[in-house]
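K.L.:
Chains as they are written, first to last, in this note's numbering: chain A, 39 to 1027; chain B, 972 to 1420.
Quick look at the structure:
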């Protein structure tokens, strides 16, 4: 300590002697606001080319003269200027750029910046995704990006996740966005990405941003950029997280005594005293199996689920070679019995500078996923359907064996159960994947770069299932086994040139032009067998091979694309984008264009010096993008069939030579504002998307032998308003508080259907429909009118123009009842940092959608042997005439038909994520030779505020929603979401 | 040095630009495009097997044609206890035009007809040895499907107005392969008479073309058996008698000694005239699904009523002291106990009973006396000889052919009421499916819908 002062003093004295008009060396140390030294900060003497950079410890030395102005700049931080006075040491604390306005934005085939970009793009940074305890990047993204609706189907750990960017565009096609990882387009399966390796994630929303992806851009594009190594000392990182999950909510069912009484009442109501009591006695006896129990079957569906995640990585490099690598292992147990997910993920990103002009690199991800799944929501074998079992039923008989209630019963049989399925079956999927992108960049001149990429997405999976002879349907055949292995490979080369030139200080021109091709080949092989000896379950050990599968499919396309951006006086920006795509699916190639413009109003003289408005940009775009289809939708096809074990052929599809892509034209207008030195950033957007030529099955006269063919008919429209507000509320040395609010509305409307004809559900247990002028999947059905106080009948509105009612559900006309699509969604994130402690929490809002509780018809009315909701106990009796619960009637169907009775507002506000962390101080870390040490506790879905009385309002039952854009918002024995708490440790050294 | 990198880039550019078409030059590998589907004898014969395959699906002969007839003609014999709505509508005679089972029968029926027409239009490509049989089998399939559809979707022939009652669309040409060419075209319904005439014509042509012996496929006995059924519906007893007699002579079939073992077998039995082939690896037994209890591969949705079990037992075809030969166990029939068993379409006893009924109506004894035929069927189940009358033959049909889909059509042709509905009641006729009305709004819906 003493020594240092003496040294400084000496230096000072020495320097005074050579002062004035003398070159001198200024030194200093540069740190960020947390005191961490910054590597690579650029220091330039203003107006000269004299500059330097900081070293590993944040130190620099620069020679300059008194009176010179030093400019300190670093990506993501505000520039600082300091005039050199007498002091020889200038230490700087760099302030993070609160606005994010100077941020680099990754766009399709290139980069832009937040200030100059003309499209609607939302950027999510790595720290927003780090260590969120969920299974996929989409779940981690929920609530964070405006206009992006994310819904996990249910609490099944391997359930599908719906992502809708600005609404639903397609009825029969795909509505998921395109995922691009480091330039490589990947088909689905983003669980293969470890989101701790993500540097940034950009959501491209309007045509200006997506048209460059042409036929694949209509649903929006999610660009994922993984972390790259930086020049400097090798940094190691280790993360460990451990926690547990449980269901967000349970429902209340009757207990054994209530069930007995209720069942008897229902039986007597339907069949009179004698017969009713006889039925009740017999059935209750059958179901109780001579035991006196009160079984909580719902509880048996769940378990306390463990969550373990382990990450280890290193990154670093020198001037010529840089690398980033990471290996992770996750084991996430689902909250349902028999449901879990294991992930092993590795990444290696390597980059090499061949010389000043050329560099090349390889980004690779390898992963393995292993899932144990449970049956679809509509199967008795799925865990949640255990709630249908009677509480008077014991799980096991007196000898300790599980009871098969579907084989019990003299009048009616009971139900097969998930407890039996879980004990006697396996549904296991193992999939491997490699994503690799080899790239090379060559700089022909400072303003011309050509980049070539060879992308490979290759994977294989094995779906294995086995049900032994104790499972339903396999008693006689001695068990059923199935194995299907699939492998696929997508190869995609591309090359594009980027020209970036400033002419006369006034004109900025950026041109990207390139070509890309892609070919995918998928092969599968597998078989099924019956007849297994106990102890053997591999499909090949079955005695009777019952079926074999083996197929190969190929898809391909090639494209030419380009984007021209012109900026005048750093104020006016105009952009043109175009892409031509030719695909194997359609005969004709299609061109997708877009035009966009922006006006940086804050660069105008009248705003330039404003103290309040620090940034203002108006931008707008219009363009067309498409929705991709695979296969051969336009060809007439014959499929192989078999009869009598001989081969045959059957025509399966009619041709349509005119078939083409679905196209979406999007208009977008946005205003970006920064206030008070960009401490407040506001972004407003309005958009209108019109999707035309929806590919639908055009019905034809069925006596032709075909019921329809694929044709471009049908339109759908989405429009909405988006607001993003980022504020830095407090920013002092010890305390910082930031808030991010995003809000988005979307109005979806089906504007054209074939012949204007509504398309209703073919199964009247479900009410989703397609009706012109209504949103996709609108609920259309009977309108419930409550209970007749006179007799306990469930009543329905006739909806025949009168306000009359009927007790006959089949006499009630259908009407529009509700909308499964939310009116608006929002997210509010608050981040606090006080000294070494940080806290952040995110509330997600989903508002204005209805949910159809389609299974509740089985839980009310005493219609059958299913256990009933406890709320049914307030049923109609002559003494309780004014109730909304109809009189229970065994097989009477009183009030059980699908109707608005089972439709409920599904709005919710959810504490999606909360995280509390402690970062050990740099001084302490220095002593223990660490660069980073953080302990944190994270909670996912800890609080939910909703009026929905089903399990969980974030729901779309898998057996309907998978493969349908229409059957959304249906709750059919769907598992509630998991709420998870984990404790984690992050170490850097 | 510099040149080398430029070369590298040029190679990439060359690779991309010269092979673009390779990326989109993709052919279907798991299907055949229409242009190459019917261009050889082997493929046309394959297409004929495709006709059998579609016809044998669970929507038609593999289940539903029998199932829906039994539901519509339940008449107190069965109850439906399953959760599916569509069968419930049918058994309750409250059928909605959107009923998917009705829709599927209609669509798949016409799909079979179109496939048969495709085979017939490509018949010249078939090699000499197989051509006649292929043509005859395709004609047979086309006729059979028209016959099954007209029975369900139109008023019965027996109501006397066959020439004016709307039948179904008669389809004797194949549809083109381009959807656009048929998008705006709708066929109109022919009369019941026209449909029956066409069916008879096709079947008569088929009898001359198909061989006497053809494995499990259509042979002369099969065609004559269906022709006998058609004539019976038309009240043409002479035609029915002669066709049945011809079928019996051609078939060389014999009754299975134990009634129970005439059903749910893996292979055709000695009394099968024509059966849908089902095995572990091929085909689905749609009757098993609904009629067999859990534990026998089914859902157990259809239960036989006590009353009808009593009748069957009195006819020695119900509950049996020896459960191994019982046709009723609990409230289920064992006829569909085998998940992978064949489904019979026509059995020898039916032909004997047709010949007996027709001989009785005509006062003849072609082939055998009615007495002999009736008692052959009765004696097999251990019932004593009785005097043959039309009513005793019909009663025998109810017992012998129980749950095989004939009851409804027998009652309609005999003008008997079913559950209080007149034989020609609107409720006993299916609606034209809503999808078809939507596609062709001018299509005339059946009365009552």
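All C-beta atoms, glycine included, are put in the ideal place defined by N, C-alpha and C.
Using a Cβ-Cβ cut-off of 7 Å, state whether residue 741 of chain A counts as contacting chain B.
P.N.:
Yes - at least one Cβ of chain B is within 7 Å of the one on residue 741 of chain A.
K.L.:
Quick one, are the C-beta atoms of residue 682 of chain A and residue 1314 of chain B less than 7 Å apart?
P.N.:
Cβ atoms of residue 682 of chain A and residue 1314 of chain B: not closer than 7 Å.
K.L.:
With a floor of 4 residues, list each alpha helix (DSSP H) that falls wholly inside the region 1005-1040 of chain B, ordered by position along the chain.
P.N.:
Listed in chain order, the complete alpha helix (DSSP H) runs (minimum 4 residues) inside the region 1005-1040 of chain B are 1012-1026.
K.L.:
Return the Cβ separation of residue 674 of chain A and residue 693 of chain A in integer angstroms, given the expectation that the two are a contact with Cβ distance under 8 Å.
P.N.:
Contact holds; Cβ gap of about 4 Å.
K.L.:
Does any C-beta atom of chain B lie closer than 7 Å to the C-beta of residue 679 of chain A?
P.N.:
For residue 679 of chain A, the answer is yes, since a Cβ of chain B falls inside 7 Å of its Cβ.
K.L.:
May I ask you to report which of helix, strand or coil DSSP gives residue 942 of chain A?
P.N.:
In the structure shown, residue 942 of chain A sits in a strand (DSSP, three-state: E or B).
K.L.:
Residue 802 of chain A touches chain B at which residues, Cβ-Cβ below 9 Å?
P.N.:
Going along chain B in sequence order, the residues near residue 802 of chain A (Cβ under 9 Å) are 1056, 1067 and 1069.
K.L.:
Against residue 104 of chain A, what residues of chain B qualify as contacts under a CB-to-CB distance less than 8 Å, listed in chain order?
P.N.:
Those within 8 Å of residue 104 of chain A in chain B number zero; the least Cβ separation is about 45 Å.
K.L.:
Using 7 Å as the limit for Cβ to Cβ distance, is residue 620 of chain A near chain B?
P.N.:
Answer yes: the Cβ-Cβ gap between residue 620 of chain A and chain B drops below 7 Å somewhere.
K.L.:
Alpha carbon to alpha carbon, how far is residue 744 of chain A from residue 734 of chain A? Give it in angstroms, no decimals.
P.N.:
Going from the Cα of residue 734 of chain A to the Cα of residue 744 of chain A covers about 15 Å.
K.L.:
Between residue 1093 of chain B and residue 1005 of chain B, what straight-line distance do the alpha-carbon atoms span, to the nearest angstrom?
P.N.:
Roughly 13 Å separates the two Cα atoms.
K.L.:
To the nearest angstrom, how far is it from the Cα of residue 507 of chain A to the Cα of residue 1322 of chain B?
P.N.:
Answer to the nearest angstrom: the Cα atoms are 41 Å apart.
K.L.:
Let's see if you can read the secondary structure: which residues bound the alpha helix (DSSP H) around residue 1111 of chain B?
P.N.:
Taken as a continuous stretch (DSSP letters only), the alpha helix (DSSP H) holding residue 1111 of chain B covers 1099-1124.
K.L.:
Judging by CA-CA distance, which residue of B:1403, B:1336, B:1408 and B:1356 is the nearest neighbour of residue 1073 of chain B?
P.N.:
Of B:1403, B:1336, B:1408 and B:1356, the residue nearest in Cα terms is B:1403.
K.L.:
Give a yes or no on whether the minimum CB-CB distance between residue 310 of chain A and chain B is below 7 Å.
P.N.:
No, residue 310 of chain A lies away from the interface with chain B (no Cβ there is under 7 Å from its Cβ).
K.L.:
Give me the Cα-Cα distance between residue 1025 of chain A and residue 971 of chain A, rounded to the nearest whole angstrom.
P.N.:
Between residue 1025 of chain A and residue 971 of chain A, the C-alpha separation is close to 5 Å.
K.L.:
Among A:667, A:827 and A:962, which has the Cα closest to the Cα of residue 919 of chain A?
P.N.:
If we check each option's Cα against that of residue 919 of chain A, A:827 comes out closest.
K.L.:
Taking C-beta to C-beta, are residue 1329 of chain B and residue 1208 of chain B nearer than 7 Å?
P.N.:
Yes.
K.L.:
Measure the C-alpha to C-alpha separation of residue 1098 of chain B and residue 553 of chain A and round it to an integer number of angstroms.
P.N.:
Approximately 51 Å between the Cα atoms of the pair.
K.L.:
For the region 735-761 of chain A, which residues have a CB atom closer than 9 Å to at least one CB atom of chain B, in sequence order?
P.N.:
The region 735-761 of chain A vs chain B, Cβ under 9 Å: 736, 737, 738, 739, 740, 741, 742, 743, 744, 745, 746, 747, 748 and 749.
K.L.:
So which residues of chain A does residue 1033 of chain B contact, with C-beta pairs closer than 9 Å?
P.N.:
Ordered by position in chain A, no residue passes the 9 Å Cβ test against residue 1033 of chain B, which lies about 10 Å from the chain.
K.L.:
Strictly below 9 Å CB to CB, what residues from chain A border residue 1077 of chain B?
P.N.:
Neighbours of residue 1077 of chain B on chain A, chain order: 740 and 741.
K.L.:
Out of curiosity, what's the CA-to-CA distance linking residue 54 of chain A and residue 104 of chain A?
P.N.:
A caution first: residue 54 of chain A carries a pLDDT of 43, below 50, which makes its placement in the model too unreliable to give a value.
K.L.:
Use the C-beta contact count for residue 59 of chain A: other C-beta atoms within 10 angstroms, 16 or more gives buried, fewer gives exposed.
P.N.:
Reliability fails at residue 59 of chain A, whose pLDDT of 48 lies under 50, so the model's placement of it is uncertain and no value is given.
K.L.:
Quick one: Cα of residue 366 of chain A to Cα of residue 167 of chain A, how far?
P.N.:
Those two C-alpha atoms are separated by around 15 Å.
K.L.:
Count Cβ pairs between the region 467-477 of chain A and the region 448-457 of chain A that sit closer than 8 Å; are there 3 or more?
P.N.:
Verdict: no, contact absent.
K.L.:
Measure the Cβ-Cβ separation of residue 804 of chain A and residue 892 of chain A and say whether it is below 7 Å.
P.N.:
Yes.
K.L.:
Closest to residue 306 of chain A by CA distance: which of A:319, A:122 and A:296 is it?
P.N.:
Cα-wise, what sits closest to residue 306 of chain A is A:319.
K.L.:
With DSSP collapsed to three states, give me the class of residue 1296 of chain B.
P.N.:
Reduced to three states, the DSSP call for residue 1296 of chain B is helix.
K.L.:
Taking Cβ to Cβ, would you say residue 1040 of chain B is nearer than 7 Å to residue 1271 of chain B?
P.N.:
No.
K.L.:
Quick one: which residues of the region 1087-1113 of chain B get their C-beta closer than 9 Å to a C-beta of chain A? List them in chain order.
P.N.:
If the cut-off is 9 Å between Cβ atoms, the region 1087-1113 of chain B has 1088 and 1089 near chain A.
K.L.:
Within 7 Å (strictly less), CB to CB, does residue 590 of chain A reach chain B?
P.N.:
At least one chain B Cβ lies under 7 Å of residue 590 of chain A.
K.L.:
Does any C-beta atom of chain B lie closer than 7 Å to the C-beta of residue 595 of chain A?
P.N.:
Judged by the 7 Å Cβ criterion, residue 595 of chain A is in contact with chain B.
K.L.:
Taking the alpha-carbon of residue 1317 of chain B as reference, which of B:1300, B:1069 and B:1368 has the nearest alpha-carbon?
P.N.:
Comparing Cα-Cα distances from residue 1317 of chain B to each of B:1300, B:1069 and B:1368, the minimum goes to B:1368.
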